[in-house]
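In what follows, a structure is listed as structure tokens, so that the remarks can point back to it.
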Amino acid sequence: MKLIETLQQRRQRIRRNIEAMRLRRIRRHTRPGYTHCMNCGTRLKGMYCHQCGQYALDIHQPIWKYIRQYFENMYQFDGKIWMTLRLMFTRPGFLTNEFNDGKINSYVHPFRLYMCISVVFFTLFFMAAERATDRALLSIAGEQIPDTVMNILNRADVALPDTTVYAYNTETLLQVLDARGAQHADSLVRLHYEDRGDELNLVTLPRLLFDSCLTRTAVHEETQTEVGVLRRTARLGTPDEEERFYLDLPIDTVTGRITANTYDWMTRLDPTEQLHQQATASFVLGQLSKWTPLFLMFLLPVQALLFKLFYRSRRYMEHFAHATHLSSLLLVLLAAPAAILLWHFNAERYADVVTNTVEDAVIFLTPLVLLAYQLVSMHTVYREGWSKTTAKCLLMLFLFNLLALGTAAGLIAWLAAKAMGRV
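Going by our numbering, the first residue of the sequence shown is number 1, and it counts up by one from there.
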């Protein structure tokens with residue numbers, strides 16, 4: 001009996017502690033840390049001053065709380081956004097109806113939700129696209145390596161690295177071999193000194209690669225100057241790995257010049273053409289990262305106008321909220337196929353895009369999912385029969401895609417003309 005009473009008392013104590021923690025958590029969000037507004041001096045009755053509107057911010061709080069409050073105030077990135085995303089995925093059209101009924105503060109505002117998703121999507125997308133562009137430029141630079149040589153290097157019985165020379169741009173050579181699809185490029189080209197980048201390095205590589213790609217070149221003056229400086233200061237301390245590399249170079253003791261034969265695989269490339277390609281790629285990528293978000297934002301009122309064309313009895317703002325929710329879902333769903341395509345592009349596995357069953361299903365089912373979602377959403381928002389809603393949905397998608405493709409073609413043509421005049 002006494003044991004039961006002890007357990008009951010303990011259970012009540014735990015419940016009181018949980019309730020106290022809940023009340024403290026609510027109090028932190030509803031009661032300010034001071035009594036008067038720091039800005040105008042008015043007595044506070046909540047977390048916001050009713051006189052000037054300033055939030056009762058604790059200026060002595062840790063930096064991570066400032067960051068959290070920034071996202072909460074700017075994008076409402078708190079518990080509200082997770083509930084909004086869940087309802088957006090599970091109940092098509094529900095958020096639009098709630099917004100049109102005036103229930104705005106219970107969920108993230110449609111346009112704010114779209115801005116939050118678009119910032120995350122385009123930031124990650126263009127970071128991956130920049131890497132894909134770099135690999136494409138490396139592949140172009142690696143076209144001077146014949147395909148027959150690459151096929152031999154990828155064979156299982158390829159000869160091991162057996163030729164050791166001093167060469168420039170060896171790190172870029174490794175990246176090019178990797179971009180061209182070479183298996184274990186770091187085992188084909190072995191760098192004797194790490195962290196030297198594209199400066200002169202001692203490298204061991206297969207004789208086939210040496211004969212087909214490397215060309216003898218003169219020692220760069222920067223290398224010769226650095227050797228002279230390091231040899232004069234070598235006695236001042238213990239040399240590190242980079243200094244040992246320069247000290248081990250064969251030197252003419254009379255003239256002080258490097259006597260080793262040096263090679264470079266990029267001597268056959270036109271430096272002007274390389275700079276032109278890099279400048280063009282950087283310009284195009286920069287312009288796309290600038291105009292693509294604006295282009296999709298421009299399509300929001302266009303889609304709302306099409307909704308207005310089919311449902312004239314509704315107010316335009318109701319259509320705009322619906323278009324914004326649909327575009328937010330579009331960006332979220334596009335993340336999966338975009339990630340798959342960029343991954344294949346980075347890995348130089350274009351042929352595998354349509355051979356993986358799961359990835360193939362994700363890429364080709366995404367448009368069908370979007371179509372089904374918009375159909376259910378239009379049926380929920382505009383409350384018409386399925387047959388009439390289906391006809392309007394298909395016709396509206398046709399007109400919207402026609403306008404979007406036409407606008408995109410014009411934008412791409414303008415960017416191409418601008419790029420040709422730019423570089």
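We put the CB at the ideal spot given by N, CA and C, even for glycine.
Name the DSSP bridge partner or partners of residue i?
i	result
residue 216	263
residue 204	164, 190
residue 48	55
residue 251	258
Can you tell me which of the three DSSP states residue i falls into?
i	result
residue 350	Reliability of the predicted coordinates at residue 350 is poor, the pLDDT of 43 falling under 50, and no value is obtained from them.
residue 36	strand
residue 193	coil
residue 423	Note that residue 423 scores a pLDDT of 46, beneath 50, so its modelled location is shaky; the value from the coordinates is reported in the next line. Looking at residue 423 - three-state DSSP - the assignment turns out to be coil, as it is neither helix nor strand.
residue 311	coil
residue 258	strand
residue 104	coil
residue 13	helix
residue 43	strand
residue 385	coil
residue 93	coil
residue 62	coil
residue 319	helix
residue 379	helix
residue 131	helix
residue 98	helix
residue 86	helix
residue 416	helix
residue 198	coil
residue 325	helix
residue 151	helix
residue 5	helix
residue 401	helix
Rounded to the nearest angstrom, how far is the Cβ of residue i from that of residue j, given a contact under 8 Å?
i	j	result
residue 87	residue 94	6 Å
residue 205	residue 161	5 Å
residue 108	residue 81	5 Å
residue 367	residue 118	Not really, about 20 Å apart at Cβ, beyond 8 Å.
residue 472	residue 399	Within the shown structure, residues of the chain are numbered from 1 to 423, placing residue 472 beyond reach of any answer.
residue 193	residue 261	Contact doesn't hold; Cβ gap of about 17 Å is too wide.
residue 311	residue 382	5 Å
residue 321	residue 96	5 Å
residue 258	residue 287	The pair is not a contact, with the Cβ atoms about 45 Å apart (cut-off 8 Å).
Thinking just about the alpha-carbon of each residue, which of the options is nearest to the one in residue i?
i	options	result
residue 113	330, 54, 221	330
residue 371	384, 420, 295, 327	327
residue 377	310, 325, 395, 247	325
residue 251	227, 265, 151	227
residue 218	45, 17, 4, 263	263
residue 197	174, 317, 410, 208	174
residue 169	41, 195, 153	195
residue 375	291, 394, 407	394
residue 284	36, 110, 10, 412	412
residue 57	50, 37, 45	37
residue 152	358, 171, 106, 177	177
residue 335	10, 363, 102, 406	363
residue 208	359, 148, 3, 216	148
residue 373	249, 416, 397	397
residue 129	360, 48, 339	339
Does residue i come within less than 8 Å of chain C when only Cβ atoms are used?
i	result
residue 104	In the structure shown, chain C cannot be found, because there is only a single protein chain.
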